[in-house]
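Peer 1:
Protein chains: 2
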Amino acid sequence: MGRMLIAAVLALAALPARAGEDDIVLRGMGSFHVGGRIAEVSGRPAREIVRIPGGPPSKLDPNGEFMVEQMYVQYFLPRHRKGKLPLLMWHGGGLTGVTYETTPDGREGWLNLFVRKGWDVYVSDAVERGRAGFASPDVWPSEPIFLNYADPFERFRIGDGEGSWNADSAKRKVLPGNQFPVEAYDNYMKQTVPRWLSTDKAVVDAYLALVDKVCPCVLLLHSQGGAFGFKVAEQRSDKIKAIVAVESASAGDVGKAAALKNTPTLMLFGDHVDQHPRWATYKKIDLEYAAAIRAGGGTVDVINLPDIGIKGNSHMLMQDKNNAEIADVIQTWMVGKGLVE
Amino acid sequence: MGRMLIAAVLALAALPARAGEDDIVLRGMGSFHVGGRIAEVSGRPAREIVRIPGGPPSKLDPNGEFMVEQMYVQYFLPRHRKGKLPLLMWHGGGLTGVTYETTPDGREGWLNLFVRKGWDVYVSDAVERGRAGFASPDVWPSEPIFLNYADPFERFRIGDGEGSWNADSAKRKVLPGNQFPVEAYDNYMKQTVPRWLSTDKAVVDAYLALVDKVCPCVLLLHSQGGAFGFKVAEQRSDKIKAIVAVESASAGDVGKAAALKNTPTLMLFGDHVDQHPRWATYKKIDLEYAAAIRAGGGTVDVINLPDIGIKGNSHMLMQDKNNAEIADVIQTWMVGKGLVE
Chain A
58 MGRMLIAAVL ALAALPARAG EDDIVLRGMG SFHVGGRIAE VSGRPAREIV
108 RIPGGPPSKL DPNGEFMVEQ MYVQYFLPRH RKGKLPLLMW HGGGLTGVTY
158 ETTPDGREGW LNLFVRKGWD VYVSDAVERG RAGFASPDVW PSEPIFLNYA
208 DPFERFRIGD GEGSWNADSA KRKVLPGNQF PVEAYDNYMK QTVPRWLSTD
258 KAVVDAYLAL VDKVCPCVLL LHSQGGAFGF KVAEQRSDKI KAIVAVESAS
308 AGDVGKAAAL KNTPTLMLFG DHVDQHPRWA TYKKIDLEYA AAIRAGGGTV
358 DVINLPDIGI KGNSHMLMQD KNNAEIADVI QTWMVGKGLV E
Chain B
58 MGRMLIAAVL ALAALPARAG EDDIVLRGMG SFHVGGRIAE VSGRPAREIV
108 RIPGGPPSKL DPNGEFMVEQ MYVQYFLPRH RKGKLPLLMW HGGGLTGVTY
158 ETTPDGREGW LNLFVRKGWD VYVSDAVERG RAGFASPDVW PSEPIFLNYA
208 DPFERFRIGD GEGSWNADSA KRKVLPGNQF PVEAYDNYMK QTVPRWLSTD
258 KAVVDAYLAL VDKVCPCVLL LHSQGGAFGF KVAEQRSDKI KAIVAVESAS
308 AGDVGKAAAL KNTPTLMLFG DHVDQHPRWA TYKKIDLEYA AAIRAGGGTV
358 DVINLPDIGI KGNSHMLMQD KNNAEIADVI QTWMVGKGLV E
C-alpha cells in the first residue's frame, strides 16, 4: 500500500503541466475570422508596384473580388470552466479588443480576470477595427475618422470635459479622484484605431455571424459596442442569455426591446456621468431602453457605481485602477443570475 | 508514513490549477503597444459628427496631436519555459500576427506550437497593420493597397502562378501536392489587411523599440518581416541571438551583414521556389546576404524543405497542413544552437 501511494505521488508529481496558483491553465486558445462578404471592384487601372525595396516589381490589380466586412475573434478556454456559457467581450468606438487585454499601465485586464474566474472568453475586433481589416475606398466611399490626443481625454471622463486636455501633462485638468491610469495615457492613445461612420450595418452583420457561430452566450458590451450588442440581441434573443452593458453608448430599438424579455441585463455606469451632458444623454437613452425591456416582461438591473461606493470611474472602466473590483461586481451579478456553475 | 503519503497525495490532488497533458499552462499572458511618435496636424477644418445614430453630436477636430506609428504585441509565457530567450514572431506583408495563430482551417498555428515547446512567444502587428492602427492621410500622404482574391493565391505558391486563380473553385489550378489548406482560402483572405508602400522606416523604428524592450531574443521572420528583421538585427546585433528567416522576402544590407557574425541564422524555403521567378529572386537576394554574413565570420544554415523530403509547401508555411512538422525542423535547429534548456 505504501509503495502504491509512493507510485501515486510520483505519478502526480510527474504530470507534465503542473500549474501554480497564479497560472492560467487553458484547455485551448486560438482565433478565427467570421462574417464578411465578397465585394467586386472593376474598371480601375492596374499598376506595377515594388512591394519591398530591392525586390521584384509585381502587378497591383485594384479590380477583382475582395473579402470585406469580416471580423476577428480570439478565444481563451480555461481548464476549470465555471461560467456556464461563453462570455463575449465587445469593444467601443475607435478601439479594438485590446480594450480588454493588459491595461495601459500594465495590469491584467478583464480578459485575464474573467478567464481566471473560469469563463470561456471571446475578445473580438469589430468590422473595420484592428485585425478585422478594412475595405478600400472603392467599397467604402467614406473616409475614416482619427482621434487626436485631446479627444478621448476630454470625452471619456478622464479629464474634466472640453478644454481639460493640455499637451503639458502638468496642466491637464484630470477629474478629481479619477481612477483612469492617466500616467499611461500615451499607451491608451496607442490602442486607438481609426473608425468609419458608415459601416454600422456591416458591423452588426458580422456580430450576428459571430453569435450564430459561438452562442448561446453572455455579452459584455462597452460603449458603442452596446449599441451594436442590443441590436444583435434583439435579432438573436434565443442565443443571448444575459447582457452586461458597460456605459452603453445608446442602446437598441425601444420598439424591439421586448425581445429581451428572457435576457437578464445589467447596465453599469461609472462616476460623473450625470454631470457630463454627453454621457447623461447616453444614459437617458439606455434607461429608456431598460424601461422598454421591463415593459416587455424582462429584467434590467442598473448599477451606478458611485451609489455602491465605487468612485472615480472613467468611461474606460475596464482599464481603471479598480478594474478588478468592477469585474467582481459583474461576476457577482452573473452568479446571481445563475450563470456560474 | 502511509498516512503522510495519503496526505501528500491529497495535497497534490487539491492544487487549484491541475492541468492535463494537452493544456496550455501560462505563467502570464498580455499585450502592449510599443514605439510610435506624436504627429501634429493643423489648419484643417473641424466639423460636427454623430458618432452613433441617435446619440448626441460631437466635435471632430482633425487638428492636434496624434499618436502614430506604434505597434502591437501580444505575449504568452509558458509555466515550463524551455526556450532560453523570448521568441518574437514577425509577420509578412498585408498580414498581421494572426499569421501565427489558428490556421485558416482551424488547426493550431506556430504560436500555440512553440508555446507548447516551452518558448515565451511574442506575436506582433507591425506599424499600420491590425491592432497597431494606422495614421491619417494628413500624416501618411500615400494610399494603402488592398489584395484581391487572386493575388495571394497566385503569388504565394498556392496556385500555379499567374492565371491560376478562378472564382469557381473547381477551376483553380492548385500547385500539385500543395500543403496549403485551399479549402479554407476564404478564411485566409479574411486575415489579410491593407498595407502602405511608404512606411518602411516607421515599421523598422517600432521594431527597434520592441527589441529594446524585450530582447535579447530569437527572431522568427516571415516574408516581408525578413526584410525588416535583418535591418533591425544589423542595428541590434548584440540583442538578436538567433534568426529563423522563413522565406524572407529580401534581406538586409549586404554591406552591414557582418554585424550578424554572432547571430546564427537559419533560412528556410518551401517548395517550388526555384520555378517561380518572384521567389527565386527573393531567394537569390537572401543567399547573397547569407554569403555576406558568412564572409563576415557568421554562420547561416539554409534548408530547402524539399531537399529534406518535405514537399509541397506554399509561401504560408506556418499555415500549411504540415506546419507542425516544419515547426519541428525549426525547433531542432534551435536546439542545435543551444537555445533550449
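Those protein sequence lines, which keep their order, are chains A and B.
In terms of the working numbering, the first sequence opens at residue 58 and continues consecutively.
In terms of the working numbering, the second sequence opens at residue 58 and continues consecutively.
For each residue, glycine too, the CB sits at the ideal point set by N, CA and C.
1. Chain A partners of residue 247 of chain B, CB-CB under 9 angstroms?
2. Sorted by chain position, which residues of the same chain lie with C-beta nearer than 8 angstroms to residue 101 of chain B's C-beta, five sequence neighbours on each side aside?
3. Are the beta-carbon atoms of residue 142 of chain A and residue 298 of chain A separated by less than 8 angstroms?
4. Tell me which same chain residues have a C-beta within less than 7 angstroms of the C-beta of residue 206 of chain B, skipping the five on either side of it?
5. Rounded to the nearest angstrom, how far is the Cβ of residue 86 of chain B from that of residue 169 of chain A, given a contact under 8 angstroms?
6. At 7 angstroms on the CB atoms, spell out the chain B contacts of residue 82 of chain A, in chain order.
7. So, does the CB of residue 251 of chain A fall closer than 8 angstroms to a CB anywhere in chain B?
8. Looking at the structure shown, is residue 388 of chain A part of a helix, part of a strand, or coil, going by DSSP?
9. Of all Cβ atoms in chain B, is any one closer than 8 angstroms to the Cβ of residue 254 of chain A?
10. Contact check, residue 265 of chain B vs residue 293 of chain B under 8 angstroms by CB: the rounded distance?
11. Three or more C-beta pairs closer than 8 angstroms, one from the stretch 172–184 of chain B and one from the stretch 101–117 of chain A: is that the case here?
12. Is the CB of residue 281 of chain A under 8 angstroms away from at least one CB in chain B?
13. Given a cut-off of 8 angstroms, decide if residue 274 of chain A and residue 145 of chain A are closer than it, judged by their beta-carbon atoms.
14. Taking 8 angstroms as the threshold (beta carbon to beta carbon), is residue 100 of chain B in contact with chain A?
15. Residue 158 of chain A touches chain B at which residues, Cβ-Cβ below 7 angstroms?
16. Along the stretch 327–342 of chain B, what residues have a CB closer than 8 angstroms to any CB found in chain A?
17. List the residues of chain B that residue 224 of chain A touches, going by C-beta distances under 8 angstroms, in chain order.
18. If you count every other CB in all the chains shown that lies within 10 Å of the CB of residue 389 of chain B, and 16 or more means buried, which is it?
19. Under the rule that 16 or more other beta-carbon atoms within 10 Å means buried, what is residue 321 of chain A, buried or exposed?
20. Closer than 9 angstroms, Cβ to Cβ, to anything on chain B: give me those residues from the stretch 203–214 of chain A, in chain order.
21. Answer yes or no: does any C-beta atom of chain B fall closer than 8 angstroms to that of residue 307 of chain A?
22. At the 8 angstroms Cβ level, is residue 140 of chain A part of the contact set with chain B, yes or no?
23. Does residue 308 of chain A come out as helix, strand or coil in the three-state DSSP assignment?
24. Whole beta strand (DSSP E) runs in the stretch 165–233 of chain B with 3 or more residues, listed along the chain?
25. With burial defined as no fewer than 16 other Cβ atoms inside 10 Å of the residue's Cβ, what is the status of residue 365 of chain B: buried or exposed?
26. Residue 360 of chain B bridges to which residues according to DSSP?
27. Note down, in chain order, every chain A residue with its Cβ under 7 angstroms from the Cβ of residue 117 of chain B.
28. Taking only runs of the beta strand (DSSP E) that begin and end inside the stretch 220–297 of chain B, which ones reach a length of at least 3 residues, in chain order?
Peer 2: Quick look at the numbers:
1. Under the 9 angstroms cutoff, chain A gives 89, 90, 91, 92, 93, 124, 127, 128, 129, 189 and 190.
2. Cβ within range, chain order: 119, 120 and 195.
3. Yes, the Cβ-Cβ distance between residue 142 of chain A and residue 298 of chain A is below 8 angstroms.
4. Only 222 and 246 meet the Cβ criterion.
5. Yes, residue 86 of chain B and residue 169 of chain A are in contact; Cβ-Cβ is about 7 angstroms, under 8 angstroms.
6. Neighbours of residue 82 of chain A in chain B, taken as residues at a C-beta separation under 7 angstroms, are given in chain order as 74, 76, 80 and 82.
7. Closer than 8 angstroms: yes.
8. Looking at residue 388 of chain A - three-state DSSP - the assignment turns out to be helix.
9. By this cut-off, residue 254 of chain A is an interface position.
10. Confirmed, Cβ separation roughly 7 angstroms.
11. Taking a cut-off of 8 angstroms on C-beta distances, the stretch 172–184 of chain B does not touch the stretch 101–117 of chain A, as fewer than three cross pairs fall below it.
12. With respect to chain B, the C-beta atom of residue 281 of chain A has a partner C-beta closer than 8 angstroms.
13. When the beta-carbon positions are compared, residue 145 of chain A and residue 274 of chain A come within less than 8 angstroms of each other.
14. Using a CB distance cut-off of 8 angstroms, residue 100 of chain B does not count as an interface residue toward chain A.
15. Listed along chain B, the residues sitting closer than 7 angstroms to residue 158 of chain A by beta-carbon distance are 87 and 88.
16. Residues passing the 8 angstroms Cβ filter: 334, 335, 338, 339 and 342.
17. The answer, in chain order, is 122.
18. The residue is exposed, with fewer than 16 neighbouring Cβ atoms inside 10 Å.
19. Flag for residue 321 of chain A reads buried.
20. Per Cβ criterion, the list reads 203, 204, 205, 206, 207, 208 and 212.
21. For residue 307 of chain A, the nearest beta carbon of chain B is closer than 8 angstroms to its own beta carbon.
22. Taking CB atoms only, residue 140 of chain A has no neighbour in chain B less than 8 angstroms away.
23. Here DSSP, grouped into helix, strand and coil, assigns residue 308 of chain A to coil.
24. Whole beta strand (DSSP E) segments, 3+ residues: 178–182.
25. So residue 365 of chain B counts as exposed.
26. Its beta-bridge partners are B:325.
27. Neighbours of residue 117 of chain B on chain A, chain order: 202.
28. Annotation note: the stretch 220–297 of chain B contains the following uninterrupted beta strand (DSSP E) runs of length 3 or greater, listed N- to C-terminal: 274–279.
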